[in-house]
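Numbering (the working numbering), first residue to last: 1265 to 1607. For every residue, glycine included, the Cβ atom is placed at its ideal position computed from N, Cα and C.
In structure tokens:
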């Protein structure tokens, strides 16, 4: 089979790899669509593992089912999670599934940017989900990123009537805008340095979209009658966003660190002010099985629509172009690769 093998952002090569063999309890899935995530182009993180086949936002069709698999059969349309929790450790029992050691060590073989993947038994059992007939394979690539966003919203205590500011308007930031609207936010604002992304945020339901170079806390308080936001989501790795974030809160607000900064990055926080205002600072990573189910339901019910977020549809042989588009950010929102042909 063909696989797009990552060496660095500027070097992704199509290579021949053997189709994975499956064992008892496993699936072989033919990949129909695979989204390029912003984390796929975090070169500081990915290069040290290269050469590697990346890709974790996948949908496809079951090609073969191993001995003992009864929940899925060849021909089933599915979405597969690359990371799954054990569901039995203390963290999982406490609802903190994405802190589970198993989740942080599992994956599928070899990755989503190829024609076929082997789905290990644990992922087959708790991390494989039927893709409703109403959803296309390209919509299926949004299940994983939306699951991550919905988990962050739940951790933050998002509910109807809350005001939200999203710092960063990449794909995940824009999904936060749509999710906040779906969950009944009273006000949603977003920021970015790219005018195209700010325009996209307005199309996708933001009440305001401001340049990150402006006085964002001042603009926010002017829009909210002198108050800050109930929930602040930082979806960018840019440290200046944190300096803005800690001046955007309403009393009792919540800051969610969603974007992944470089290792060793340090942001100065006004500890006294945060203490006085009763601010909660938390983080979120990945999604658990229930988050995947929630994402599928939101997409299938059309409470969130995502096809308007797709900017590029590319065949596998143009994986290098796809990585350059995502890494460069200019003009690209969601870039999807189709390993077995663009529909």
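May I ask which residues mark the beginning and end of the alpha helix (DSSP H) holding residue i?
| i | result |
| --- | --- |
| residue 1390 | 1385 to 1390 |
| residue 1442 | 1435 to 1446 |
| residue 1541 | 1535 to 1541 |
| residue 1590 | 1583 to 1592 |
Going by DSSP in three states, residue i sits in which element: helix, strand or coil?
| i | result |
| --- | --- |
| residue 1401 | helix |
| residue 1548 | coil |
| residue 1303 | helix |
| residue 1571 | helix |
| residue 1295 | strand |
| residue 1554 | helix |
| residue 1560 | helix |
| residue 1367 | coil |
| residue 1378 | strand |
| residue 1505 | helix |
Give the range of the beta strand (DSSP E) segment to which residue i is assigned.
| i | result |
| --- | --- |
| residue 1600 | 1598 to 1602 |
| residue 1417 | Not the beta strand (DSSP E): residue 1417 falls in the alpha helix (DSSP H), residues 1407 to 1420. |
| residue 1576 | 1574 to 1579 |
| residue 1278 | 1275 to 1280 |
| residue 1480 | Unbroken run through residue 1480 is the alpha helix (DSSP H), 1480 to 1487; no beta strand (DSSP E). |
| residue 1515 | 1513 to 1521 |
Counting only the same chain and skipping the five closest in sequence on each side, list residues whose C-beta sits under 8 Å from that of residue i.
| i | result |
| --- | --- |
| residue 1582 | 1601 |
| residue 1505 | 1431, 1432, 1455, 1476, 1498, 1523 |
| residue 1446 | 1562, 1567, 1568 |
| residue 1606 | 1577, 1578, 1579 |
Rounded to the nearest angstrom, how far is the Cβ of residue i from that of residue j, given a contact under 8 Å?
| i | j | result |
| --- | --- | --- |
| residue 1343 | residue 1284 | About 18 Å; that fails the 8 Å criterion. |
| residue 1441 | residue 1470 | 5 Å |
| residue 1410 | residue 1562 | 7 Å |
| residue 1420 | residue 1520 | 5 Å |
| residue 1347 | residue 1323 | Actually they do not touch by this definition, with Cβ atoms about 16 Å apart. |
Leaving out the 5 sequence neighbours to the left and right, which residues in its chain are closer than 7 Å to residue i when beta-carbon positions are compared?
| i | result |
| --- | --- |
| residue 1508 | 1431, 1480, 1481 |
| residue 1484 | 1429, 1453, 1492, 1493, 1512 |
| residue 1279 | 1267, 1269 |
| residue 1503 | 1525, 1529, 1531 |
| residue 1589 | 1576, 1596, 1599 |
Could you tell me which residues DSSP pairs with residue i in its beta bridges?
| i | result |
| --- | --- |
| residue 1474 | 1455 |
| residue 1321 | 1299 |
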